[in-house]
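Each residue of the sequence shown is one higher than the one before, counting from 5 in our numbering.
Worksheet: one structure, shown below.
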Amino acid sequence: MTLLIKNGHVIDPDTKADEVMDLLIEDDTIVKRDKKIEEKADKVIDASGLYVMPGFIDMHVHLRDPGQEAKETVVTGSKAAARGGFTTILAMPNTRPVVDNPDVVQYVHQKAKNLGAIHVLQVGAITKGQKGEELADIEGMVAAGSPAISEDGKSVMNTKLLRDAMKVAARLNIPVLSHCEDINLVEGGVVNADDHGKKMGFRGITNSVEDVIIARDIMVANDTKASLHLCHCSTKDSVKMVALAKQEGIHVTAEVCPHHFILTSDDIVSDDANYKMNPPLRTKADVEALKEGLKSGIMDVISTDHAPHTEEEKSAGIRRAPFGIVGLETVAALTYTELVLEKYLTPMQMAEKMSYNPSKILGLDKGSLAVGKKADIVLFDPNVTYKIDKTKFWSKGKNTPFDGRTVTGMVKTTIVDGRVAYDSKMDRQ
Ligand SMILES: [Zn+2]
């Protein structure tokens, strides 16, 4: 089976290609890349006017499977990811049961494999049951294919235990993905701690809730020589600390989610839990620092923290509803609209932060459109403007503050191992 992608604008951070070219794929591999490929192929896609980028890699997804399948499953989450341009996603371990042993890792991997839509990599928990008491079977989970460990949803509050985990991670050469939140400082907060939130009558979460753990984790990473990756950074000081740590030669990388680089707490104008996430929406100064951090390269990755919940749960209001919003099907358009069109990122940097850098951090052989690489590819149309419509999501989760927002840029086709996993023609009209 051969597939020819013609006349697309190839953006490849690996080889620095940034020009209109053709790509020939044989089975699951890119076999030729040239200005003009005349060979016949079984299938031809005309990519005129489209960006051809390496398939996106989301380092932060909650698939809710096993245990909370009313919110999402490996199947619906994978399909939503394909619709968002993702060819690989990392599933977080805070499921029921928690992913703290190789059996659960294998369950998720097998389920994703049976579906055959995209690559799903299951992250292992750091502690058993995410209880923060003893280390999980990290070695076993890595042997079963986990590319990283994380206690996401919370921090490992016992610093000694975190240090033990980082030593294991350093030895196994896998990164530790840190959700940074000092649980003792949260005090029932549900939105950012600022005047606006106070006026609306909500308890606040200060920046320091996040910042003290970022500082701690960077120091422990320095001690142990582990690779630390900071999840969903939301504060201006996170950018400063990452910059400083990098200057000092500490192995730290960081991700930012669209809601944190677009929205502020001032956007909360009613008791709508689609604006409730953890970390919360911060202030304008934080948003500006995160955008500048992405632009300068201090912040390495754009991830979604895709966190589906049912309509019923999210209708409970900001005080009682669970934290989190969905993101898989909106991140590419939001990034293009808010960062590329606003001149914070070039299309090349967008491909770096959504594919190449995650691949590098995780040690995957992905994020590249070089000849010989597996054909994980996204075709992105930068010329179409439309309103985000949550009723079209393939995710079970419709909990997004971006419904109805006007964006530019649309994922047209997602190709995984040379097969079309998503095409916009599959959308409900
Ligand atoms: Zn988290």
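For glycine and all other residues, C-beta sits at the position ideal for the given N, C-alpha and C.
Keep in mind it's a predicted model, so treat the numbers as computed, not measured.
query	result
Run through DSSP, which three-state label would I272 get?	coil
Do the stretch 339 to 350 and the stretch 260 to 268 meet, that is, are 3 or more Cβ pairs less than 8 angstroms apart?	yes
Is it true that the CB of D309 sits closer than 9 angstroms to the CB of Y66?	Here residue 66 turns out to be His, not Tyr, going by the sequence shown. In contact: H66 and D309 (Cβ atoms closer than 9 angstroms).
Note down, one range per segment and in chain order, each beta strand (DSSP E) of at least 3 residues found wholly within the stretch 111 to 192.	123 to 126, 180 to 182
Opposite A258 in the DSSP bridges: which residues?	L234
From what residue to what residue does the beta strand (DSSP E) around N11 run?	6 to 16
Nearer than 8 angstroms: is that true of the beta carbon of D215 relative to any heavy atom of ligand 1?	no
Expressed to the nearest angstrom, what Euclidean distance is found between the alpha-carbon atoms of I34 and D380?	9 angstroms
I'd like the span of the beta strand (DSSP E) that includes A379, first residue to last.	Where A379 is concerned, there is no enclosing beta strand (DSSP E), given that its DSSP letter is neither H nor E.
Applying the criterion that 16 or more other CB atoms from any shown protein chain within 10 Å of the CB defines a buried residue, is M96 buried or exposed?	buried
Taking the alpha carbon of S150 as the point to measure from, which residue in L181, E73, G59 has its own alpha carbon closest?	L181
Given this structure, state the Cα-to-Cα distance separating K83 from T417, to the nearest angstrom.	13 angstroms
Can you tell me whether DSSP reads N196 as helix, strand or coil?	strand
Report whether the distance from the Cβ of N282 to the nearest heavy atom of ligand 1 is below 8 angstroms.	yes
Taking the CB atoms as reference points, tell me whether D186 and S212 lie closer together than 9 angstroms.	yes
Going along the chain, which unbroken runs of the alpha helix (DSSP H) with 4 or more residues stay wholly within the stretch 339 to 370?	351 to 355, 361 to 366
In chain order, what residues of the same chain lie with their CB nearer than 8 angstroms to the CB of Q134, ignoring the 5 residues before and after it?	P97, N98, V102, D104, E155, G157, K158
Rank A293, V388, D275, A258 by C-alpha distance to the C-alpha of K357 and give the top, closest one.	A258
Have a look at G371 and E42 and give me their C-alpha separation to the nearest angstrom.	26 angstroms
When you compare each of H13, I392, M354, K402 to I61 by their alpha carbons, which one comes out closest?	M354
Under 8 angstroms: does the beta carbon of C237 sit that close to some heavy atom of ligand 1?	no
Are I209 and A173 touching if we call contact CB-CB under 9 angstroms?	no
For D62, verify whether its CB is less than 8 angstroms away from any heavy atom of ligand 1.	no
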